[in-house]
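Here the protein sequences line up with chains A and B, keeping their order. Everything in the first sequence is counted per the numbering used here, starting at 543 for the first residue and increasing by one. Everything in the second sequence is counted per the numbering used here, starting at 543 for the first residue and increasing by one. Where is the CB? At the ideal position from N, CA and C, for every residue including glycine.
Protein chains: 2
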Amino acid sequence: MGRRSDHSRDEIRDMAIAAAAEHVEMEGFQSLTARKVAGKIGYTVGTLYHVFRNFDDLVIHLNAQTIDEMAALIQQQTRRKRNPEVRIRAMAEFYVRFATDHPDRWRLVFEHRAPRGLPTPVQMKERRDVMFEMVADNLSEISPRRNTQEIDHTATALWSGIHGICILALTGKLYLGGAFSMVKLIDTLIDSVLNEFRRS
Amino acid sequence: MGRRSDHSRDEIRDMAIAAAAEHVEMEGFQSLTARKVAGKIGYTVGTLYHVFRNFDDLVIHLNAQTIDEMAALIQQQTRRKRNPEVRIRAMAEFYVRFATDHPDRWRLVFEHRAPRGLPTPVQMKERRDVMFEMVADNLSEISPRRNTQEIDHTATALWSGIHGICILALTGKLYLGGAFSMVKLIDTLIDSVLNEFRRS
Numbered sequence: 543m544g545r546r547s548d549h550s551r552d553e554i555r556d557m558a559i560a561a562a563a564e565h566v567e568m569e570g571f572q573s574l575t576a577r578k579v580a581g582k583i584g585y586t587v588g589t590l591y592h593v594f595r596n597f598d599d600l601v602i603h604l605n606a607q608t609i610d611e612m613a614a615l616i617q618q619q620t621r622r623k624r625n626p627e628v629r630i631r632a633m634a635e636f637y638v639r640f641a642t643d644h645p646d647r648w649r650l651v652f653e654h655r656a657p658r659g660l661p662t663p664v665q666m667k668e669r670r671d672v673m674f675e676m677v678a679d680n681l682s683e684i685s686p687r688r689n690t691q692e693i694d695h696t697a698t699a700l701w702s703g704i705h706g707i708c709i710l711a712l713t714g715k716l717y718l719g720g721a722f723s724m725v726k727l728i729d730t731l732i733d734s735v736l737n738e739f740r741r742s
Numbered sequence: 543m544g545r546r547s548d549h550s551r552d553e554i555r556d557m558a559i560a561a562a563a564e565h566v567e568m569e570g571f572q573s574l575t576a577r578k579v580a581g582k583i584g585y586t587v588g589t590l591y592h593v594f595r596n597f598d599d600l601v602i603h604l605n606a607q608t609i610d611e612m613a614a615l616i617q618q619q620t621r622r623k624r625n626p627e628v629r630i631r632a633m634a635e636f637y638v639r640f641a642t643d644h645p646d647r648w649r650l651v652f653e654h655r656a657p658r659g660l661p662t663p664v665q666m667k668e669r670r671d672v673m674f675e676m677v678a679d680n681l682s683e684i685s686p687r688r689n690t691q692e693i694d695h696t697a698t699a700l701w702s703g704i705h706g707i708c709i710l711a712l713t714g715k716l717y718l719g720g721a722f723s724m725v726k727l728i729d730t731l732i733d734s735v736l737n738e739f740r741r742s
């Protein structure tokens, strides 16, 4: 190996996250190990564990980056749209698109189980909340008279529902073998929740 | 060990599934191995692999049993209710209850990845469809004039949405740290989808 101190700690962290992301994209998460990540970037496992507390910490950093990438894509694709309902529909569309383009990385965000001793880092929680907050902002534009709690509640119900369709479809667990597209199912949920939200 | 041929093939299969279920409930899926299951029932790994094609086949059988148990609970709790809307709400309630009582077994149904060479057995697909069919039956009672395709579409959107709330809540990934109960979020989704379904 012998490349020790060619890179700063931050550079090693970024290289490791990129290498882990590539492995998960190409070969799935189950075969990812610290040794493989270290090998890919030309460092030892020992060096890796100077940068990450443990393997789960590496996965948490990878997941944080996945969410950042997805949120950036969605923000980029929606910020120019003027109508909040159109924005919500576009958010769902690009959520599905990101999940479809990066199924293994996307699933890892939701399926990774950190060991009990390792609390969810604050920055992970903040990142996860970004999606819900974007939906809530648009709902409050649709119906400004509703209070924050009603808006947050509706945003949570709607976005969790969209997530449910997305994960079941992507893992091949949806009824009817694709007779209905994910997009149409999501449209039904958005129509229903927005109409109820406007009316009630 | 020396207990070979004390039990029939079917008995060994059932014992192995029960032992695997117990392990997953107590210690989670990640530490489950064929060796542990074999040890628990007093047989060798070799015997286990006469009964199951491989480890994934054992997991698939475990998952099939989990779905059977859940469907039986839901059917038992809903069949005496006369109102189809009440039945749908009760289905969701007991879906959440089963998932909450058996989080690791329930997650395994959705998170297990069979190797690419191993197709989903027909009986798994049939089992998964049971939940959607129960919802569809109730929707068609609510609005008998709607055609099968509309009913199946709505059932899929609604049940996938409920699943989304359930999985995000159970894995601690819901916004707002539990300020809203899963039940209220699910109610919002059911209200929205049923009102839209009746109206449109």
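Judged by beta-carbon spacing, Val-672/A lies beyond the 9 Å limit of Thr-696/A, meaning their Cβ atoms are not closer than that value. Counting along the chain, Thr-713/B sits inside no alpha helix (DSSP H), nor does DSSP assign it H or E at all. Within chain B, the C-beta atoms nearer than 8 Å to that of Thr-730/A come from His-695, Thr-696, Ala-699, Val-735, Glu-738, in chain order.
By alpha-carbon distance to Trp-701/B, the top candidate from Val-638/B, Leu-650/B, Asp-646/B is Val-638/B. Annotation: Tyr-585/B is outside any alpha helix (DSSP H) and is labelled neither H nor E by DSSP.
The beta carbon of Ile-609/A is closer than 7 Å to those of Val-651, Arg-669, Arg-670 in its chain, skipping five residues each way along the sequence. Under the three-state reduction of DSSP, Gln-617/B is assigned to helix. Leaving aside the five residues that flank Leu-615/B on each side, the residues in its chain whose CB is nearer than 7 Å to its CB run, in chain order, Phe-636, Phe-640. Residues of chain B whose Cβ lies closer than 7 Å to the Cβ of Lys-715/A are, in chain order, Phe-652, Arg-670. Pro-626/A sits in a helix when the DSSP states are folded into three classes. Straight across, the Cα-Cα distance linking Ile-732/A with Arg-631/A is about 8 Å. Counting only Cβ-Cβ distances below 9 Å, Ile-709/B has contacts in chain A at Phe-652, Ser-702, His-705, Gly-706, Ile-709, in chain order.
Distances from the CA of Ile-707/B to each of Lys-726/B, Gln-691/B, Asp-694/B, Thr-698/B were compared; the closest alpha carbon is that of Lys-726/B.
Taking C-beta atoms under 8 Å as the contact rule, Phe-594/B and Asp-646/B fail to qualify, at a distance of about 20 Å. Restricting attention to beta strand (DSSP E) runs no shorter than 3 residues, the region 649-709 of chain B encloses none. Of all residues in the region 573-605 of chain A, none is placed with a Cβ closer than 9 Å to any Cβ belonging to chain B. Secondary structure at Leu-736/A: helix, using DSSP grouped into helix, strand and coil. Distance from the Cα of Thr-713/A is smallest, within the candidate group Glu-564/A, Lys-582/A, His-644/A, Met-568/A, for His-644/A. Judged by beta-carbon spacing, Ile-554/A lies within the 9 Å limit of Thr-589/A, meaning their Cβ atoms are closer than that value. Counted as a single uninterrupted DSSP element, the alpha helix (DSSP H) harbouring His-565/B occupies residues 551-569. Distances from the CA of Ala-699/A to each of Arg-629/B, Lys-715/B, Ile-693/B were compared; the closest alpha carbon is that of Lys-715/B.
Residue contact check for Ser-742/A against chain B: a CB pair falls below 9 Å.
One alpha carbon belongs to Asp-729/A, the other to Asp-548/A, and they sit about 51 Å apart.
When Thr-586/A, Ser-550/A, Leu-600/A are compared, the shortest CA-CA separation from Ala-563/A is found for Leu-600/A. Around the Cβ of Asn-680/A, a 10 Å sphere holds 16 or more other Cβ atoms; the residue is buried.
Burial state of Thr-620/A is buried, judged by a 10 Å Cβ sphere holding 16 or more other Cβ atoms.
Look at Leu-727/B: its C-beta is under 9 Å from a C-beta on chain A.
Your pair Ala-561/B and Val-579/B checks out as a contact, with CB atoms roughly 5 Å apart and the cut at 8 Å. A distance below 9 Å separates the beta carbons of Asn-737/A and Glu-738/B.
The DSSP-derived three-state label of His-592/B is helix. By the Cβ-count criterion, His-592/A is exposed, with fewer than 16 other Cβ atoms from all chains shown falling within 10 Å of its own Cβ.
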